[in-house]
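Trainee: Just so we're aligned: 511 in my numbering is position 388 of the sequence shown, and the numbers increase by one with no gaps anywhere. For every residue, glycine included, the Cβ atom is placed at its ideal position computed from N, Cα and C. The structure is given below, and queries will be raised subsequently.
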Amino acid sequence: MRSGEVDIAYQVVGAGQRDVVVGIGWVSHLELLWELPESVHFLERLAGLGRLILYDARGTGLSDRPGGAPEVHDLVPDLVAVLDAAGSTRAVVVGWLDKAALALALAATHPERVEALVLGEPMASTVARPGHPDGLEPAVLETLASAVESGSWGTGALLPWIAPSVADEPRIAAWWRRWERMSATPNTAAGLLRLLLDVDVRALLPRVRARTLLIHRAGTALVPAAAVRWLADALPDARYTELEGTDLAAFFGDTDTLMDEIEDFVSGTRTGADVDRALATMLVTDLVGSTAQAAALGDRRWRELLDWHHQEVRRLLARYGGTEIDTAGDGFLAVFDLPSRAISCALALSDHLAGHRLGVRAGLHTGEVVRAGTAVRGVAVHVAARVAALGGAGEVLVSGTVRDLVLGSGVMLTPRGTHELHGVPGTWEVLEAARTGVRVPAVDGPVTR
């Protein structure tokens with residue numbers, strides 16, 4: 124998506140009546156966010172509030188990196204462009220650290236686009252100034268910026284400042300080193316730290332009318348509680364919440380308590396972290412070669428064929444007890460209680476579509492998911508999608524987890540090797556499913572929940 128002359132990377136996750144746009148503080152990388160269980164858990168809980176919109180600010184992650192570090196006033200048009208591209212007219216805006224100042228600037232200049240603000244470790248002025256006695260120590264920021272420039276970037280040396288509670292965990296430290304290297308260059312990272320010295324949105328505060336939640340962890344080494352309280356007092360409709368903890372990053376530490384506060388503020392409920400979690404089998408399907416086929420058929424005939432395809436997929440889902448979760452273009456995501464029924468449905472769909480010269484690939488995985496209304500989210504969904512992407516026309520691929528659960532069900536599984544699945548930690552055994560002489564019976568209709 125373009126904002127002026129700059130490409131901004133963004134991602135839309137899930138669905139819902141409410142939009143939630145999230146700005147990760149300082150630097151970010153959209154793909155790496157989905158490779159750490161702690162950040163995935165944080166995002167899944169946010170997605171329970173509505174349709175999730177994520178983005179990398181210019182200069183970081185997958186977005187363009189023009190010369191120089193961007194200031195807050197540069198980022199507001201980018202955020203508006205992200206909302207426009209995502210089809211969002213109004214959203215809950217979540218901003219951590221410097222992205223809290225961006226959220227305030229958006230609320231002041233485009234109040235019609237902001238339903239509410241959720242701000243983590245926010246300060247109206249990053250450093251102490253006349254009339255604003257508390258803030259970060261400029262010498263500390265300069266020390267960190269100099270360290271980044273002098274070779275510490277990519278080594279994980281900043282993790283103890285950002286998330287001291289997990290700094291000694293090798294798994295997280297390894298991920299953080301990649302996060303640094305892939306999120307920004309050393310010059311950009313240092314420049315963004317130094318720009319914090321200039322952040323001052325106090326003049327915009329009288330124009331902010333959105334209700335606002337301000338969250339501060341009492342043990343953070345960098346952000347003084349007094350600065351966050353000052354901002355809360357300066358806003359007309361603000362709730363200040365102080366939690367235990369030492370981590371600046373939202374997805375480290377006691378994320379569930381933090382998310383309980385956010386959920387209560389945004390929706391007025393507290394479902395808790397473990398409500399609506401279930402073990403389920405995900406089926407992801409996708410037509411192979413659909414782009415070329417659409418071009419050959421023309422818009423009208425392709426639309427008719429796609430409508431027929433959707434009708435047939437839904438008919439077979441109902442027959443085998445599957446529940447449709449989402450559809451995008453020519454792909455489906457469905458969930459089943461039993462992996463054997465999911466495989467039988469996928470094989471029946473493959474056979475049926477092949478008779479009409481349509482090639483479908485399917486991927487299945489069984490794992491724990493989070494149910495939020497009609498949506499289903501979790502790493503297990505991503506695993507099923509990545510397994511499906513390994514297949515070709517007419518192939519039904521399953522993870523090793525599914526293999527272990529369908530022994531004796533009459534499904535023949537042929538090993539297809541061990542694979543790294545993009546965005547999912549570890550290596551995964553993948554197998555191809557085919558029928559033997561035993562068929563799993565269909566059911567009378569869709570599963571009711």
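For residue 165, which option in 181, 145 and 435 has the closest C-alpha, if you only look at C-alpha atoms?
Mentor: Cα-wise, what sits closest to residue 165 is 145.
Trainee: Can you round the beta-carbon distance between residue 176 and residue 142 to whole angstroms, since I take them to be within the 8 Å contact cut?
Mentor: Residue 176 to residue 142, Cβ: 6 Å. Contact.
Trainee: Relative to the C-alpha of residue 310, which candidate in 255, 271 and 347 has its C-alpha closest?
Mentor: The residue with the shortest Cα to Cα distance from residue 310 is 271.
Trainee: Which partner residues of residue 339 appear in the DSSP bridge assignment?
Mentor: According to DSSP, which records beta bridges pairwise, residue 339 is partnered with 365.
Trainee: Buried or exposed: which applies to residue 431, given that a residue is buried once 16 or more other Cβ atoms fall within 10 Å of its Cβ?
Mentor: Classification of residue 431: exposed, given that the 10 Å Cβ count is below 16.
Trainee: What does a CB cutoff of less than 6 Å around residue 323 pick up in its chain, not counting 5 residues either side in sequence?
Mentor: Answer for residue 323: 248, listed in chain order.
Trainee: Along the chain, where does the alpha helix (DSSP H) that runs through residue 524 open and close?
Mentor: Its alpha helix (DSSP H) spans residues 523-528.
Trainee: Let me know the secondary structure DSSP gives residue 551 once reduced to three states.
Mentor: In this structure, residue 551 counts as strand in the three-state DSSP scheme.
Trainee: Should the region 464-474 be regarded as contacting the region 517-536, the criterion being three or more beta carbon pairs within less than 8 Å?
Mentor: The region 464-474, when compared against the region 517-536, does touch it at the 8 Å Cβ threshold.
Trainee: What residues match up with residue 143 in a beta bridge as DSSP calls it?
Mentor: The partner list for residue 143 (beta bridge, DSSP) reads 175 and 215.
Trainee: Expressed to the nearest angstrom, what Euclidean distance is found between the alpha-carbon atoms of residue 289 and residue 297?
Mentor: Approximately 11 Å between the Cα atoms of the pair.
Trainee: Considering only their Cβ atoms, is the gap separating residue 410 from residue 493 smaller than 8 Å?
Mentor: Going by C-beta atoms, residue 493 is not nearer than 8 Å to residue 410.
Trainee: What span of residues does the beta strand (DSSP E) with residue 447 cover, start to end?
Mentor: Start and end: 446-451.
Trainee: Checking the sheet assignment: what are the DSSP bridge partners for residue 542?
Mentor: Bridge partners of residue 542: 551.
Trainee: How long is the line joining the alpha carbons of residue 374 and residue 156, rounded to whole angstroms?
Mentor: Near 10 Å, if we compare the C-alpha coordinates of residue 156 and residue 374.
Trainee: Would you check if the distance between the CB atom of residue 223 and the CB atom of residue 242 is smaller than 8 Å?
Mentor: Yes, they are a contact pair.
Trainee: So residue 165 is in the beta strand (DSSP E); what residue range does that whole segment cover?
Mentor: Run containing residue 165: none in the beta strand (DSSP E); it sits in the alpha helix (DSSP H), 160-170.
Trainee: Taking DSSP as the reference, what is the three-state secondary structure of residue 455?
Mentor: Here residue 455 sits in strand by DSSP.
Trainee: Reducing DSSP to helix, strand and coil, say where residue 460 ends up.
Mentor: Coil, per DSSP.
Trainee: Apart from the five residues just before and just after residue 341, which ones in its own chain have a Cβ nearer than 8 Å to its Cβ?
Mentor: Excluding sequence neighbours, residue 341 sits near 348, 365, 366, 367 and 368.
Trainee: Is it true that the CB of residue 556 sits closer than 8 Å to the CB of residue 528?
Mentor: Going by C-beta atoms, residue 528 is not nearer than 8 Å to residue 556.
Trainee: Taking the C-alpha atoms as reference points, what is the distance between residue 552 and residue 150?
Mentor: Whole-angstrom Cα-Cα distance: 34 Å.
Trainee: Looking at C-alpha atoms only, which residue of 360, 128 and 508 is the closest neighbour of residue 485?
Mentor: It is 508 whose Cα lies nearest to the Cα of residue 485.
Trainee: Ordered along the chain, which non-local residues of its own chain (more than five positions away) have a Cβ less than 7 Å from that of residue 282?
Mentor: Taken in chain order, the residues that qualify are 290, 296 and 299.
Trainee: Any idea what DSSP makes of residue 257, helix, strand or coil?
Mentor: Three-state DSSP puts residue 257 in coil, outside helix and strand.
Trainee: Is DSSP giving residue 201 helix, strand or coil here?
Mentor: Note: residue 201 maps to helix in three-state DSSP.
Trainee: If you drop the 5 nearest sequence neighbours on each side, which residues of the same chain put their C-beta closer than 6 Å to that of residue 346?
Mentor: Taken in chain order, the residues that qualify are 244.
Trainee: Report the start-end ranges of each beta strand (DSSP E) in the region 377-428 that is 3 residues or longer and not cut off at the edges.
Mentor: If we require 3 residues or more, the beta strand (DSSP E) runs fully inside the region 377-428 come out as 400-410.
Trainee: Could you pull the start and end residues of the alpha helix (DSSP H) that residue 224 belongs to?
Mentor: Start and end: 221-232.
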